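See structure below.
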Amino acid sequence: MSYTIVIAGAGVFGTALAQRLSWNNNNIITMYSIEPEVVLDINNNHQNSKYFPGRHLHSEIKATGDISCAYEADFIFLAIPSNQIKIYTHEIFPFTKEKALIINLSKGFSDEGTFLTDSIPFTRLIALKGPTFAVELMNGVPSAMTVGGQNNLFDEIKQVFVETGITLDYTSDINGVELMSVLKNMYAIAIGIVSGRYNSANVDFLILTRAVNEMRALVTLFDCDSETIFNYCGIGDLGLTSLTDLSRNRTLGLLIGKGFSNDPKSSTVIEGLRTIKLIGEFVQQRQIEHKFILLDSLYKLVYGGFSLNDYIVSVVS
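Our numbering puts the first residue of the sequence shown at -12, with every later residue one more than the last.
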């Protein structure tokens, strides 16, 4: 049985995932991109030189700039910027197959500060997140992700990941999966700061443990399942993002901890800083910031009130 797959977004992650899904010979993959040069490169040269120079893609992966490619798809993966999710999904919604399954890969909150999945009009919808750097997906190493959504949808999505080298675990807690994917960026900055100051494994894991506890408590505040932190999208993604130098949020934290600028340079880092503001204000409004020392200290450091030394003293004591 073949599966028609559209990956909306031909950036770094969308391209890497397309390559891995191409390992399954049953998958017929089309990448949707608004960049004409990327579409031509994929179709003519079997490369995406803009994002993976020198790397060849499976010859059966196609690309298009025509949004109607999603209309007959069995599976639609969303690998586009979070601020485009609502626009794109509402545009394709009236025309897609009734049984199309939407898979949200994008991370962040909506412009209204809600979960991204809340702005997607489809009911057959899952979240897919986990400890996966795009470059390592492209390199073909074993990887893992969490599926959040209805159990019957998990059974469906498993079929397209057969023989891809990507292991999936499952939770029905779709909002918890979405929340983990934004909290880990925020706490990666927090851990990166102390790494920049101390360069100490002892201190890194002191703060990592506190981050896990705070994340678990925050998930409960958002009416999600605290057990979700034990999925790949939880501790796995937090560890990857906060302790690995490929992480841009950790890198920002390191720069702050060493006394350099905290000026964000990428959309991923900007989203991490936005999360600090949204979640920091969320706990302050409820007057429970004393229960989230790491979060509150990070909020005060980034948005005023704390010096770097104030932050360090607060989180390590």
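Note that beta-carbon positions come from the ideal geometry of N, C-alpha and C, so glycine has one too.
None of the values given here were measured: they were computed from a predicted structure.
Close-in-space but distant-in-sequence residues of the same chain around Ile263 (CB under 8 Å, 5 per side omitted): In the same chain as Ile263, and ignoring 5 residues on each side of it, the C-beta atoms closer than 8 Å to its own belong to Met173, Ile176, Leu282, Leu285, Tyr286, Val289, Tyr290, in chain order.
Using the Cα positions of Leu112 and Asn296, report the straight-line distance between them to the nearest angstrom. If I take the Cα positions, the gap works out to 44 Å.
Can you look up Lys86 in the DSSP assignment and give me helix, strand or coil? Three-state result, Lys86: coil.
contact_flag[the stretch 158 to 168, the stretch 37 to 50] where n(CB pairs < 8 Å) is 3 or more: Between the stretch 158 to 168 and the stretch 37 to 50 there are fewer than three inter-stretch CB-CB distances shorter than 8 Å, so the stretches are not counted as touching.
Asn126 by DSSP, collapsed to three states: which one? Helix, per DSSP.
Can you name, in chain order, every residue of its own chain whose Cβ lies under 8 Å from the Cβ of Ile144, other than the five neighbours on each side? Excluding five sequence positions before and after Ile144, the CB atoms of its chain that fall closer than 8 Å to its own CB belong to Phe62, Leu88, Ile90, Ile113, Leu115, Val134, Leu155, given in chain order.
Cα separation between Ile79 and Ile299? Going from the Cα of Ile79 to the Cα of Ile299 covers about 48 Å.
Which residue from Gln137, Thr17, Asn11 puts its Cα closest to that of Phe64? Measuring from the Cα of Phe64, the nearest candidate turns out to be Thr17.
Taking Cβ positions, are Ile67 and Tyr58 nearer each other than 8 Å? Cβ atoms of Ile67 and Tyr58: not closer than 8 Å.
The beta strand (DSSP E) spanning Ile180 covers which residue range? Where Ile180 is concerned, there is no enclosing beta strand (DSSP E), although the alpha helix (DSSP H) it sits in stretches over 161 to 185.
By Cβ distance below 8 Å, which residues in the same chain neighbour Cys211 in space, the five residues on each side in sequence not counted? Asp160, Asn162, Gly163, Leu166, listed in sequence order.
Please state if the CB of Gly152 and the CB of Gly240 are separated by a distance shorter than 8 Å. Contact flag unset, no.
Going by C-alpha to C-alpha distance, which of Ala(-5), Arg42, Phe141, Glu85 sits closest to Glu22? Per the Cα distances, Ala(-5).
How should Met(-12) be labelled, buried or exposed, when 16 other C-beta atoms within 10 angstroms of its C-beta is the threshold for buried? Exposed is the call here.
Just how far apart, CA to CA, sit Arg42 and Glu276? One C-alpha to the other measures close to 47 Å.
Where Leu124 falls, given that 16 or more other Cβ within 10 Å makes a residue buried: So Leu124 counts as buried.
Note down, one range per segment and in chain order, each alpha helix (DSSP H) of at least 4 residues found wholly within the stretch 61 to 120. Annotation: the stretch 61 to 120 contains the following complete segments of the alpha helix (DSSP H) (minimum length 4 residues), in chain order: 72 to 79.
Start and end of the beta strand (DSSP E) containing Ala188? Premise fails: Ala188 lies in the alpha helix (DSSP H), 188 to 208, not in any beta strand (DSSP E).
Under the assumption that Pro118 contacts Asp224 (Cβ atoms under 8 Å), give the Cβ distance between them as a whole number of angstroms. Going by Cβ atoms, the distance from Pro118 to Asp224 rounds to 5 Å, so yes, they are a contact pair.
Run of the beta strand (DSSP E) containing Tyr(-10), from where it starts to where it stops: For Tyr(-10), the enclosing beta strand (DSSP E) stretches over residues -10 to -5.
Specify the secondary structure class of Gln137 as computed by DSSP and reduced to three states. It is coil, neither helix nor strand.
Roughly how many angstroms separate the alpha carbons of Asp232 and Ser106, rounded to a whole number? One Cα belongs to Asp232, the other to Ser106, and the distance between them is close to 32 Å.
If you follow the alpha helix (DSSP H) that Lys287 is part of, which residue opens it and which one closes it? Going by DSSP, Lys287 is part of the alpha helix (DSSP H) stretching over 280 to 290.
8 Å Cβ cutoff met for Thr238 and Gly292: It is not a contact, given that the beta carbons lie outside the stated cut-off.
On the CB-based measure, 16 or more other CB atoms within 10 Å of its CB, does Phe82 come out buried or exposed? Within a 10 Å sphere around the beta-carbon of Phe82 sit fewer than 16 other beta-carbons, which makes this residue exposed.
With a Cβ-Cβ cutoff of 8 Å, do Ile222 and Val206 count as a contact? Val206 is positioned such that its CB atom lies no closer than 8 Å to that of Ile222.
Short Cβ contact (8 Å threshold) for Leu230 with Val303: Judged by beta-carbon spacing, Val303 lies beyond the 8 Å limit of Leu230, meaning their Cβ atoms are not closer than that value.
I'd like to know whether the C-beta atoms of Thr51 and Tyr19 end up nearer to each other than 8 Å. Against a cut-off of 8 Å, the Cβ pair of Tyr19 and Thr51 comes out as a contact.
DSSP three-state assignment for Gln34, whether helix, strand or coil: Strand.
Contact under 8 Å by Cβ, Ala3 with Ala131: Result no, Cβ atoms of Ala3 and Ala131 do not sit closer than 8 Å.
Name, in chain order, the residues that DSSP records as bridge partners for Ile16. Paired residue(s): Ile(-8).
With a CB to CB cut of under 8 Å and the five nearest residues on each side skipped, what residues in its chain are close to Glu85? Cβ within range, chain order: n/a, list empty.
Who are the near neighbours of Glu258 in its chain, counting only those whose CB is closer than 6 Å to its CB and skipping five residues on each side? So the list reads Gly95, once near-sequence residues are dropped.
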